[in-house]
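Residue 325 is where the sequence shown starts when you use the numbering used here, and the numbers rise one by one after that.
Cβ coordinates follow ideal geometry from the N, Cα and C atoms, glycine included.
Please read these numbers as outputs of a predicted model, since none were measured by experiment.
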Amino acid sequence: MALVRFEGAANRSPLNDAVNDGILGLPIELLLDVTDCMDKKDVCSLRRTCNRIFLNTQRAFTQVLIQNRVIYSRYASMAHFFSVLNAFPELELGVKVKSLTLVIEGLKEHEYGHEWAWEEMEHRFGLNVTAKDQDIIARANYDHANEMHFQGTFLTGGRYRIMLASVLLKCPNLRVLNIRKLQADEHVPGWTNVSRFKLLSFYRSGLNIKSIYYGDWQYDTVHLRVTHYTDEFGDSIIEDNAGPQASFADDVRAAIASTGRAIEQKLLN
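Here it is in structure tokens:
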């Protein structure tokens with residue numbers, strides 16, 4: 325007796341039928357069109373529903389990572405975004421970037437030192453600093469000094485400008501650079517456990533400790549280091565043969581100019 329084979333019969337099962345129902349039955353192209361219209365958080369939640377959606381929405385998820393991205397003035401923040409752009413060459417993610425947000429302040433050494441800055445705040449506001457507060461502050465001071473030792477020249481050696489130019493060249497359709505300062509309770513992430521600041525006994529929302537650890541930078545564009553500074557006596561020093569100085573704004577303008585494109589800078593409140 326001849327066997328009759330029905331095409332596709334071996335692949336039919338209640339389980340497979342269920343898998344192909346609803347959104348899972350949509351062609352991958354249509355599924356990706358749907359995710360393009362979804363909020364970032366919703367795309368992330370959708371990816372956790374099942375393995376098939378997790379795999380099929382990989383492209384949508386990587387696009388989520390690049391849209392309206394906030395780049396802090398720190399090497400790790402810039403490098404991570406650059407690595408995402410290069411992670412999937414076949415997706416040409418940089419082409420899809422229309423805008424980015426740059427945060428002005430980076431890690432900066434206080435002109436009179438961390439300890440002086442904390443003591444000045446203590447006296448100005450009449451703060452009662454506990455032993456636990458001192459431990460938190462000492463750890464943050466140590467981490468800040470460590471970061472400045474290893475990564476400080478990223479901002480004061482011209483490397484921010486070079487890396488930003490590389491990012492802009494990877495994003496040929498980028499039209500707007502949003503520029504903003506750190507918000508009231510915002511910190512540059514990664515250099516220390518910034519959540520520990522909320523454990524300070526005198527912490528309150530809006531407590532301004534940003535001036536202790538952050539600020540705009542200034543460096544010599546000829547010698548690629550700091551040649552204008554304040555010494556331990558509070559005197560302003562300008563080294564002999566100091567060259568033209570650059571800051572965040574200068575680095576951004578130079579990076580844009582290197583692309584040969586007109587990219588709008590929009591200052592946010």
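At a cut-off of 3 residues, the continuous stretches assigned as beta strand (DSSP E) that sit fully inside the stretch 468-511 are 500-504. In the structure shown, R549 falls within a strand segment according to DSSP collapsed to helix, strand and coil. C-alpha of G476 to C-alpha of K432: approximately 8 angstroms in a straight line.
Within the same chain, D544, E563 and A566 come within 6 angstroms of T551 by CB-CB distance, once the 5 residues on both sides are set aside.
Assigned with DSSP and collapsed to three states, D540 falls in coil, not helix or strand. Scanning V546, F521, H547 and A411 for the CA closest to the CA of I536 turns up F521.
Note on geometry: alpha-carbon atoms of V408 and L426 lie some 17 angstroms from one another.
V546 sits exposed, since fewer than 16 C-beta atoms from the chains shown fall within 10 Å of its C-beta. L492 sits buried, since 16 or more C-beta atoms from the chains shown fall within 10 Å of its C-beta. R485 and L415 have their C-alpha atoms roughly 26 angstroms apart. Counting along the chain, the unbroken beta strand (DSSP E) around Y396 starts and ends at R393 to S397.
Take M362, set aside five residues on each side of it, and no residue of its chain has a beta-carbon closer than 6 angstroms to its own.
For E444, the enclosing alpha helix (DSSP H) begins and ends at H438 to F449.
Around the beta carbon of R398, 16 or more other beta carbons lie within 10 angstroms, which makes this residue buried.
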